[in-house]
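Residues in the sequence shown are numbered from 181 upward in steps of one, following the UniProt record's numbering.
Even for Gly, the Cβ is constructed at its ideal location relative to N, Cα and C.
All values derive from a computational prediction rather than experimental measurement.
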Amino acid sequence: FNSGALAGLNVHITAGPTREPLDPVRYISNHSSGKMGYALAAAAADAGARVRLISGPVNLTVPTHVERISVTTAEEMLQASLEEINHCDIFIACAAVADYRPTSIAEHKIKKGNEEIMELHLVKNPDIVATIAAREDKPFTIGFAAETRDVISYARGKLDRKNLDMIIANDVSQAGIGFNSDENAVTLVTHTTQIDIPQTSKRQLATQLIEQISLLYKTEK
Ligand code: PMT
181 FNSGALAGLN
191 VHITAGPTRE
201 PLDPVRYISN
211 HSSGKMGYAL
221 AAAAADAGAR
231 VRLISGPVNL
241 TVPTHVERIS
251 VTTAEEMLQA
261 SLEEINHCDI
271 FIACAAVADY
281 RPTSIAEHKI
291 KKGNEEIMEL
301 HLVKNPDIVA
311 TIAAREDKPF
321 TIGFAAETRD
331 VISYARGKLD
341 RKNLDMIIAN
351 DVSQAGIGFN
361 SDENAVTLVT
371 HTTQIDIPQT
381 SKRQLATQLI
391 EQISLLYKTE
401 K
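So this is what it looks like as structure tokens:
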């Protein structure tokens, strides 16, 4: 029995990067370490939630009382996110999903040729959080927005376009916060409120985010 702020609720969280293979030895990815998503999973479990952590390839240990589902590509992350979605109360998309993947994966290692320029053909990946938020019986759906400029206005655009209930704006242009660092600073944005959470450790920030999320879930849902 757990009497925390999220007791009895199912929270599903995506975390880390996706990897989009080019050939058997190469891939396209990004600098997400998974630290923010894993910190959220730990904080949600501490608040009493049943946590399903859908994770791209990272070097982190699974927080206690958290179920981890390991995936590699965006398409795998989407499939894993759709499983059990009917039981999900709160969906948090913290993963840095590759927006595009190579149109085809070479069966053998791509050989170096004589040409100086090589072109890659990419195709758009499915948008995981938008797919979840488009469901008729959607969970309370929260996205992140990693931006390098006009952070709040781009975040608001994603809140509307992806039909989210909340977006967490993350200025990733500043040194010491965002991708791969141990600390972060964010602004939580809904259709009715905007709350700044100043720079602190990702674990501390996750606890504050989970507190705010549980309050807004109860008032806005
Ligand atoms: O992992 P760390 O090193 O700790 O770094 C944390 C972080 C910077 C990765 C994290 O705080 C963060 O900002 N995550 C979102 C990164 C991102 O890719 O944002 P975006 O603005 O491109 O995407 C907007 C939202 O749509 C995000 O919730 C993203 O998960 C989601 N998305 C994007 C593309 C896609 N194909 N599917 C998605 O679900």
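Legend entry - Extent of the continuous alpha helix (DSSP H) to which residue 376 belongs: In the sequence shown, counting from the first residue as 1, residue 376 sits at position 196. Residue 376 -> not in any alpha helix (DSSP H); beta strand (DSSP E) instead, spanning 374 to 381.
Legend entry - Same chain only: Cβ atoms within 8 Å of residue 374, ignoring 5 sequence neighbours per side: The sequence position of residue 374 within the sequence shown is 194, counting from 1. Around residue 374: 332, 367, 368.
Inset, instruction - Check whether the Cβ of residue 208 lies closer than 7 Å to any heavy atom of the ligand PMT, and answer yes or no. - result: As a working mapping, residue 208 is identified with position 28 in the sequence shown. No, Cβ of residue 208 sits at least 7 Å from all heavy atoms of the ligand PMT.
Legend entry - Between the CA atoms of residue 346 and residue 312 - distance to the nearest angstrom: What you label residue 312 is simply residue 132 of the sequence shown in a count that begins at 1. What you label residue 346 is simply residue 166 of the sequence shown in a count that begins at 1. Approximately 13 Å between the Cα atoms of the pair.
Inset, instruction - Could you name the residues of the same chain whose beta carbon sits closer than 8 Å to that of residue 199, not counting the 5 residues immediately before and after it, in chain order? - result: Position 19 of the sequence shown holds residue 199. The residues are 207, 208, 209, 236, 237, 252, 253, 278.
Inset, instruction - Please classify residue 290: does DSSP put it in a helix, a strand, or coil? - result: One-based indexing of the sequence shown puts residue 290 at position 110. Note: residue 290 maps to coil in three-state DSSP.
Inset, instruction - Enumerate in chain order the residues of its own chain whose CB-to-CB distance from residue 362 is below 8 Å, with the five nearest sequence positions on each side excluded. - result: For the purposes of this step, residue 362 is identified with residue 182 of the sequence shown, where counting begins at 1. Cβ within range, chain order: 215, 381, 382.
Inset, instruction - Return the chain-ordered list of same chain residues with a C-beta closer than 6 Å to the C-beta of residue 221, the five sequence neighbours on each side being excluded. - result: Against the sequence shown, residue 221 aligns to sequence position 41. Closer than 6 Å at the Cβ level, and outside the excluded window around residue 221, lie 193, 231, 233, 243, 246.
Inset, instruction - Could you tell me if the beta carbon of residue 309 falls within a distance shorter than 7 Å of some heavy atom in the ligand PMT? - result: Here residue 309 corresponds to residue number 129 of the sequence shown, with the count starting at 1. Yes, the ligand PMT has a heavy atom inside 7 Å of this Cβ.
Inset, instruction - Verify whether the separation of the beta carbon atoms of residue 197 and residue 271 is less than 8 Å. - result: On the sequence shown, position 17 is the one that residue 197 refers to. On the sequence shown, position 91 is the one that residue 271 refers to. No. Outside cutoff.
Inset, instruction - State the start and end residues of the unbroken alpha helix (DSSP H) segment that holds residue 340. - result: On the sequence shown, residue 340 is found 160 positions in, with the first residue counted as 1. Annotation for residue 340: the continuous alpha helix (DSSP H) segment containing it runs 331 to 341.
Inset, instruction - Could you tell me the boundaries of the alpha helix (DSSP H) in which residue 311 lies? - result: Residue mapping note: residue 311 aligns to position 131 of the sequence shown, counting from 1. Start and end: 308 to 313.
Legend entry - Residues near residue 392 by beta carbon distance below 7 Å, same chain, minus five either side: Numbered from 1 along the sequence shown, position 212 holds the residue referred to as residue 392. Correct list, in chain order: 368, 375.
Legend entry - Test item: CB-CB of residue 290 and residue 202 under 8 Å: Against the sequence shown, residue 290 aligns to sequence position 110. Against the sequence shown, residue 202 aligns to sequence position 22. Yes, the Cβ-Cβ distance between residue 290 and residue 202 is below 8 Å.
Inset, instruction - Along the beta strand (DSSP E) that carries residue 202, what are the first and last residues, could you check? - result: As a position in the sequence shown, residue 202 is number 22, starting the count at 1. Its beta strand (DSSP E) spans residues 200 to 203.
Legend entry - Distance cut-off 7 Å: residue 237 Cβ against heavy atoms of the ligand PMT: As a first step, residue 237 must be located in the sequence shown, where it is residue number 57. Every heavy atom of the ligand PMT is 7 Å or more from the Cβ of residue 237, so no.
Legend entry - With 16 other Cβ atoms within 10 Å as the buried cut-off, status of residue 287: Taking the first residue of the sequence shown as position 1, residue 287 is located at position 107. With fewer than 16 Cβ atoms within 10 Å of its Cβ, residue 287 is classed as exposed.
Legend entry - residue 185 - DSSP class collapsed to helix/strand/coil: Your numbering for residue 185 matches position 5 in the sequence shown. Three-state result, residue 185: coil.
Inset, instruction - Express the C-alpha separation of residue 292 and residue 268 in angstroms, rounding to a whole number. - result: Walking along the sequence shown from the start, residue 268 turns up at place 88. Walking along the sequence shown from the start, residue 292 turns up at place 112. For residue 268 and residue 292, the distance between alpha carbons rounds to 47 Å.
Legend entry - Separation of residue 325 from residue 356, as counted between CA atoms: To locate residue 356, count along the sequence shown from 1; it is residue 176. To locate residue 325, count along the sequence shown from 1; it is residue 145. Distance between the alpha carbons of residue 356 and residue 325 is about 17 Å.
Inset, instruction - Just the C-alpha distance for residue 255 and residue 310, rounded to the nearest angstrom, thanks. - result: Taking the sequence shown and counting its residues from 1, one reaches residue 255 at position 75. Taking the sequence shown and counting its residues from 1, one reaches residue 310 at position 130. Taking the straight line from one Cα to the other gives about 14 Å.
Legend entry - Of the listed residues 239, 262, 360, 187, nearest to residue 228 (C-alpha basis): Translated into positions along the sequence shown, residue 228 becomes position 48. Of the listed residues, the one whose Cα sits closest to residue 228 is 187.
Legend entry - Residue from 300, 314, 399 whose Cα sits closest to the Cα of residue 285: For the purposes of this step, residue 285 is identified with residue 105 of the sequence shown, where counting begins at 1. Measuring from the Cα of residue 285, the nearest candidate turns out to be 300.
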